[in-house]
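A.B. asks: What follows is a structure written as structure tokens; I'll ask about it next.
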Amino acid sequence: PALTDAASAWGRDEANETQSALLDASLRHGLLDARHTLSSRLRDLTAEYRKLEAELVTPRRAPGLWEDVGFDQPLMVRGEYKKPAMAIPRRYLEAFDPKAFATTGSGRLELAEKIASPENPLTARVMTNRLWHHVYGRGLVGTVDNFGRLGDHPTHPELLDHLSRRFIDQKWSVKAMLRELLLTDAFQRSSLPSSSAQAKDANNDLLSHVRVRRLEGEALRDSLITLAGKREDNMYGPGDNALAAPRAQVRRSVYLTIKRNTLNPLITTFDGPKPFTTVGRRDATNVPAQSLTLLNDLFVIDAARQWAATLDRTQPDAAKVDTLFLQALGRKATTAEQAAAERYLTDLKTAHADKPAMVWQDFAQSVLNLKEFLYLK
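All the letters of the sequence shown, read from the start, carry residue numbers 1087 to 1463 under the working numbering.
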């Protein structure tokens, strides 16, 4: 009777807290069946509801601020917050425009308009230079975080001005700018400089060839996940825990959860920046810890194991070697590499006589340690 009364009250929208709790517990423990398929009438109503729901336009919201009457903050000389000095009017950076904002609000909108103004000489140039840095390995201004007097001078100032104007004309579209940069002749050049280029452009300031650079930690991690055949390409949703077990890490690094005290060890070892400050240009170190990580890290070992498991066991060894080289390096093994692989496989088969699966796992891991795999040419 209590359950019946609770269901009746719920149908009349009069159920109290106790009755709601009873119904919830009954549903969770299977005492009540709430499947809409049990009733044709309910099934039709549900289908109609879903149809109407799909026709509704989903509202798009963005977080914002409620503007109130603004006030000027006092200057804290030498950080002495207990001794406030004169009030500083709301304005842009004084070095560029000392005039105060004509507003009764906070000044945030006026500041944003100043930063994104087509007349601002810095915003578009800084952003364009960062995009160039990520595409070519070095910005037109080498010090991407410093456009001031202590920073580098641009190698191609006219080009930087042109790209900045293009960036503004394209409505600040990062996608459009990247497309232009990636379709250039400079991006498609070889990484092997000619003798003339080595003599005249040793620092590659004239973009005579492509800069060879090591994969970033995130790209290396994504490559390992891809070769292992476990990459999930679904978009959005929760990311992987940076310290999760190797088999539980299946999403691209863009979905990796980053916290100050739980950094991914593989990415950190390969110069992933600490999330404490802005890092426009990462370090590119070459230290023993990186080689040791590729040999001993459980994530790398698990990736090699899963990658080796994808090989066709019926193929001869030479074909398997070519398969691994094609997948990791984009080319087949050379004659010399096949000969070296044959000798190495002979040693591995002797060492792992009782564990044949370890033979190709170890060989796959050796491919992951090749400089050609770790560097972008």
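Note that the Cβ used here is the ideal one computed from N, Cα and C, for glycine as well.
Would you report the Cα separation of L1434 and T1396, rounded to the nearest angstrom?
C.D. replies: About 19 Å.
A.B. asks: Cα separation between L1462 and Y1222?
C.D. replies: So the two alpha carbons sit approximately 11 Å from each other.
A.B. asks: Roughly how far, in whole angstroms, is the beta-carbon of L1380 from the beta-carbon of L1313, given that I think they are within contact range, below 8 Å?
C.D. replies: So it is not a contact: roughly 13 Å between Cβ atoms.
A.B. asks: Specify the secondary structure class of D1448 as computed by DSSP and reduced to three states.
C.D. replies: Of the three classes helix, strand and coil, the one that applies to D1448 here is helix, per DSSP.
A.B. asks: Pick helix, strand or coil for P1359, following the three-state DSSP scheme.
C.D. replies: In this structure, P1359 counts as coil in the three-state DSSP scheme.
A.B. asks: Is Y1430 helix, strand or coil by DSSP?
C.D. replies: Helix at Y1430.
A.B. asks: In whole angstroms, what separates the C-alpha of K1418 from that of K1286?
C.D. replies: Approximately 34 Å between the Cα atoms of the pair.
A.B. asks: To which residues does DSSP link P1160 through a beta bridge?
C.D. replies: P1160 is bridged to A1173.
A.B. asks: Quick check on the DSSP output: the alpha helix (DSSP H) that includes Y1222 runs from which residue to which?
C.D. replies: It spans 1209-1222 - the alpha helix (DSSP H) in which Y1222 sits, taken as one unbroken run.
A.B. asks: Just list the residues that DSSP pairs D1326 with in beta bridges.
C.D. replies: Paired residues: L1342.
A.B. asks: May I ask you to list the residues that DSSP assigns as paired with A1186?
C.D. replies: According to DSSP, A1186 bridges with R1177.
A.B. asks: Just how far apart, CA to CA, sit R1337 and F1362?
C.D. replies: Looking at the two C-alpha atoms, the distance is approximately 24 Å.
A.B. asks: Could you give the residue range of the alpha helix (DSSP H) that holds F1459?
C.D. replies: It spans 1457-1460 - the alpha helix (DSSP H) in which F1459 sits, taken as one unbroken run.
A.B. asks: Assign A1389 to one of two classes, buried (16 or more other C-beta atoms within 10 Å of its C-beta) or exposed (fewer than that).
C.D. replies: Label assigned to A1389: buried.
A.B. asks: Taking the C-alpha atoms as reference points, what is the distance between S1452 and P1359?
C.D. replies: Distance between the alpha carbons of S1452 and P1359 is about 27 Å.
A.B. asks: Report yes if the CB atom of A1171 is closer than 9 Å to the CB atom of P1160, and no otherwise.
C.D. replies: Yes, the pair counts as a contact, with Cβ atoms nearer than the cut-off.
A.B. asks: Would you identify the three-state DSSP class for T1436, choosing helix, strand or coil?
C.D. replies: The answer is helix: DSSP assigns T1436 an H, G or I state.
A.B. asks: Where P1240 and P1207 are concerned, what is the direct C-alpha to C-alpha distance, given to the nearest angstrom?
C.D. replies: When rounded, the distance between both Cα atoms is 14 Å.
A.B. asks: Could you give the residue range of the alpha helix (DSSP H) that holds S1094?
C.D. replies: 1088-1097 is the extent of the alpha helix (DSSP H) around S1094.
A.B. asks: State the DSSP-derived secondary structure class of E1318, mapped to helix, strand or coil.
C.D. replies: Note: E1318 maps to strand in three-state DSSP.
A.B. asks: Between the alpha carbons of E1153 and R1194, how many angstroms are there, rounded?
C.D. replies: So the two alpha carbons sit approximately 9 Å from each other.
A.B. asks: At the level of alpha carbons, what is the spacing between S1377 and K1261?
C.D. replies: The alpha-carbon atoms of S1377 and K1261 are separated by roughly 35 Å.
A.B. asks: Just to check my reading of the structure: L1109 and A1088 have Cβ atoms closer than 8 Å, yes? What is that Cβ distance to the nearest angstrom?
C.D. replies: Not confirmed; about 10 Å, so no contact.
A.B. asks: Are the CB atoms of T1214 and F1253 nearer to each other than 9 Å?
C.D. replies: For T1214 and F1253, yes; Cβs fall inside 9 Å.
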